[in-house]
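K.L.:
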Amino acid sequence: MRRLILKTLPILLLATAVAGAHGQDKTKIKVGVSVGNAEQTFAVVKKVAARDGLDIQIITFSDYLQPNEALAAGDLDANAFQHKPFLDSQIKARGYKIVPVGLTLTAPLGIYSKKYKNVDQLPIGASIGIQNDPSNGNRALLLLQKAGLIKLKPGVGENGVNATPLDVIENPKKLKLIELDAAQLPRSLDDLAAASINNDYAFKAGLSLQRDTIAVEDARGPYANLIATRAEDKDKPWVKKLVKAYQSEEVRKFIETEFKGSLIPAF
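In short: position in the sequence shown from 1, add 99, done, that's the numbering used here.
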């Protein structure tokens, strides 16, 4: 029996050492963000995280589909570009094992126009661009409804039921709702009367939420952006360090000072 124990002991020690090596916390991670204000904010997050021993490599994306694909594939450790309704729709459509781990900021959606100063000026039959993805298209329709331009069927648009243009039951100005990829909307604004544009794309295109919008989403709503990781990583120490760095007072002050109300800390 003693010989068996002695022979087995080196194997157990080796297995423990290997498990320990694999269990060590990461000190370097890759985080995917959208170009523009998210990239600026994460430059500050990177500095804060470095003081806690976490080295963040910032990877930028110009659309809303690649960051989750890259995260699910293991090319990223985390991403920070989306709100929960969008993540939920992506999980439902693509089966991602991705979970939210912390809130970042709220980026109010706006209806932008280069031709008109308020919704009353929109002519009959005006073309309005909206996002073609379910969650952001839903946001756009809710904002048009809030502005008094359309009315949706009862029970759609909220509580997880995304509205589409087919759910519009009143449209007194006979607006033409043009569904486009979110990234194309700023470039299409010259050809449209107005367009619903996500904050990061508007920022990149030089549009101002205060100056160029004819309708703006409520600042504090259900569309706060978040940090997401693979489900298997959500409780790891590096995730806590990442969230702590983002939700620091230093990052809060940067958001409030740099963006002057167009972006709002959600933590």
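Every residue, glycine too, gets a C-beta built ideally from N, C-alpha and C. Note that the structure is predicted; figures quoted are calculated from it, not measured.
Beta strand (DSSP E) containing serine 133: first to last residue?
P.N.:
One-based indexing of the sequence shown puts residue 133 at position 34. Segment 127–133, the beta strand (DSSP E) holding serine 133.
K.L.:
With C-beta atoms as the reference, is isoleucine 227 less than 7 Å away from leucine 274?
P.N.:
Here residue 227 is taken as the residue at index 128 of the sequence shown, counted from 1. Here residue 274 is taken as the residue at index 175 of the sequence shown, counted from 1. Result yes, Cβ atoms of isoleucine 227 and leucine 274 sit closer than 7 Å.
K.L.:
Please classify glutamate 278: is it buried, with 16 or more other beta-carbons within 10 angstroms of its beta-carbon, or exposed?
P.N.:
Locating residue 278 in the sequence shown gives position 179, counting from the first residue. Result: exposed.
K.L.:
Looking at the secondary structure, which residues open and close the beta strand (DSSP E) in which serine 436 lies?
P.N.:
This structure cannot speak to residue 436, because the chain is shown only from 100 to 366.
K.L.:
Could you tell me whether the Cβ atoms of threonine 328 and valine 342 are closer together than 7 Å?
P.N.:
Position 229 of the sequence shown, counting from 1, holds the residue named residue 328. Position 243 of the sequence shown, counting from 1, holds the residue named residue 342. Contact flag unset, no.
K.L.:
Measuring CA to CA, which of Arg238, Thr159, Tyr195 and Ala292 is closest to asparagine 56?
P.N.:
Because residue 56 is not part of the residues shown, which for the chain are 100 to 366, the question remains open.
K.L.:
What residues are listed by DSSP as bridge partners for threonine 159?
P.N.:
In the sequence shown, counting from the first residue as 1, residue 159 sits at position 60. Per DSSP, Val132.
K.L.:
Under a Cβ-count criterion, where at least 16 other Cβ atoms within 10 Å of its own Cβ denotes burial, should glutamate 348 be classed as buried or exposed?
P.N.:
Taking the sequence shown and counting its residues from 1, one reaches residue 348 at position 249. Result: exposed.
K.L.:
Restricting to Cα atoms, I'd like to know which of Leu164, Ala281, Phe185 and Thr356 is closest to valine 260.
P.N.:
What you label residue 260 is simply residue 161 of the sequence shown in a count that begins at 1. The shortest Cα separation from valine 260 among Leu164, Ala281, Phe185 and Thr356 belongs to Phe185.
K.L.:
So the candidates are Leu288, Gln309, Lys214 and Gly209; which of them puts its Cα closest to the Cα of glutamine 244?
P.N.:
Walking along the sequence shown from the start, residue 244 turns up at place 145. Selected option, being the one with the closest Cα: Gly209.
K.L.:
Any idea which residues DSSP pairs aspartate 154 with across the strands?
P.N.:
Residue 154 sits at position 55 when you count from the first residue of the sequence shown. BP columns for aspartate 154 point to Lys127.
K.L.:
Can you tell me where the alpha helix (DSSP H) with lysine 192 in it begins and where it stops?
P.N.:
Locating residue 192 in the sequence shown gives position 93, where the first residue counts as 1. Lysine is not the amino acid found at residue 192; the sequence shown has alanine there. Alanine 192 -> alpha helix (DSSP H) spans 183–193.
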